[in-house]
Amino acid sequence: QAVENPAADEKPADEIDSVKKVVDPLAAQEPAKNAKKPVTTASASIPILIIIGMNGFIILALYGFKHLYGLIEKLMKLLVAIMIIAFAINLFQVKPDWLKALAGLIPSLPEQAANGAGMKEVMTPIVAMYATTFSVAGAFYQSYLVRQKGWTRANLKQGLIDSTLGISVLGLITLMVLITAAKVLYQNPDVVTLTSVSDVATSLEPGFGKSAMVIFSLGIFAGAFSSFLVNAMIGGSILA
1227 QAVENPAADE KPADEIDSVK KVVDPLAAQE PAKNAKKPVT TASASIPILI
1277 IIGMNGFIIL ALYGFKHLYG LIEKLMKLLV AIMIIAFAIN LFQVKPDWLK
1327 ALAGLIPSLP EQAANGAGMK EVMTPIVAMY ATTFSVAGAF YQSYLVRQKG
1377 WTRANLKQGL IDSTLGISVL GLITLMVLIT AAKVLYQNPD VVTLTSVSDV
1427 ATSLEPGFGK SAMVIFSLGI FAGAFSSFLV NAMIGGSILA
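Listed below in structure tokens is the structure:
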């Protein structure tokens, strides 16, 4: 009979923990379930230091730069470019059925909601998605950004082009994430229950290797940091 190797059983858990530290800095503070080894103070403090460093950078940017808009605009372009590249690589790695993906753009109701019986279960997450996607505070803050950029009514056409491009890019990123998730996660018996972003990242590894997991994590980090940065500016401007 083959002798089981305890170290081999622990390896996947160690890899998942390492991914959680990259994707979710706060995951290191959660008590490890079924952990064989206690989390050391040094390893647990690293994510906290990362969060403190990010907050310190944002505070210095808000108070230290006279022309903040230009810096933030360049940084946001960089982060959005990272998101597009990362999620596009993941999308082409999973090789989705493009005809089915395009067919999904046609508005339709799921089968369980066609007769109205399951309408509530279907519409609840859709309404929640609308609520989290459309930012009233972001629309309010846009007027401050336009004024700081120095635009006037003469730049109205340029502003419409800029807004249309921004909305299109966000829609493209959303489509790439949804198509990738539908291909990898939907009706896949090998996918475990997803409770965090790190679980989504690790679910990509069995079929597409560690590169897909790392690239997805990079895209999520760029998206989270860009939102965190702008939301901090919105709060500061409104309170001021």
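Residues 1227 to 1466 in my numbering are what the sequence shown lists, from first letter to last.
Glycine included, C-beta positions come from ideal geometry on N, C-alpha and C.
- Remark: fewer than three beta-carbon pairs, one from each stretch, lie closer than 8 Å, so the region 1352-1372 and the region 1274-1285 are not flagged as touching.
- Out of THR1406, LEU1301, LYS1375 and LYS1303, the CA that lies nearest to the CA of LYS1321 is found in THR1406.
- Residue nearest to LEU1304 within the set GLY1449, SER1334, LEU1328 and PHE1360 is GLY1449 (criterion: CA-CA distance).
- The DSSP-derived three-state label of LYS1375 is helix.
- In this chain, the alpha helix (DSSP H) harbouring PRO1351 covers 1345-1359.
- At least 7 Å separates the beta-carbon of ALA1357 from that of ILE1460.
- Counting only residues of its own chain and dropping the five nearest sequence neighbours on each side, VAL1403 has a CB closer than 7 Å to the CB of PHE1313.
- In this structure, DSSP gives PRO1333 a state outside helix and strand, which the three-state scheme calls coil.
- Measuring C-alpha to C-alpha distances from ALA1329 to each of LEU1455, GLY1435, SER1463 and LEU1401 identifies LEU1401 as the nearest.
- Taking C-beta separations shorter than 8 Å and ignoring five residues to either side along the sequence, the partners of GLY1385 in its chain run VAL1372 and TRP1377, following chain order.
- Nearest C-alpha to GLY1435 among ASN1316, ILE1310, PRO1273 and ILE1272: ASN1316.
- Taking C-beta separations shorter than 7 Å and ignoring five residues to either side along the sequence, the partners of ILE1399 in its chain run MET1309, ILE1310 and PHE1313, following chain order.
- Taking a C-beta distance under 7 Å as the contact criterion, MET1439 and ALA1427 qualify as a contact pair.
- If you look at LEU1411, you'll find it isn't in any alpha helix (DSSP H); DSSP assigns it neither H nor E.
- When only Cα atoms are considered, PHE1318 and ASP1425 end up about 20 Å apart.
- For PHE1442 and VAL1410, the gap between their C-alpha atoms comes out near 13 Å.
- Beta-carbon to beta-carbon, VAL1353 and LEU1335 are separated by about 14 Å, too far to satisfy the 8 Å threshold.
- Of the candidates PRO1273, LEU1275, GLU1299 and ILE1393, the residue whose Cα lies closest to the Cα of LEU1455 is GLU1299.
- 7 Å or more divides the Cβ of MET1302 from the Cβ of SER1453.
- Linking SER1361 to MET1355 through their CA atoms gives a straight-line distance of about 11 Å.
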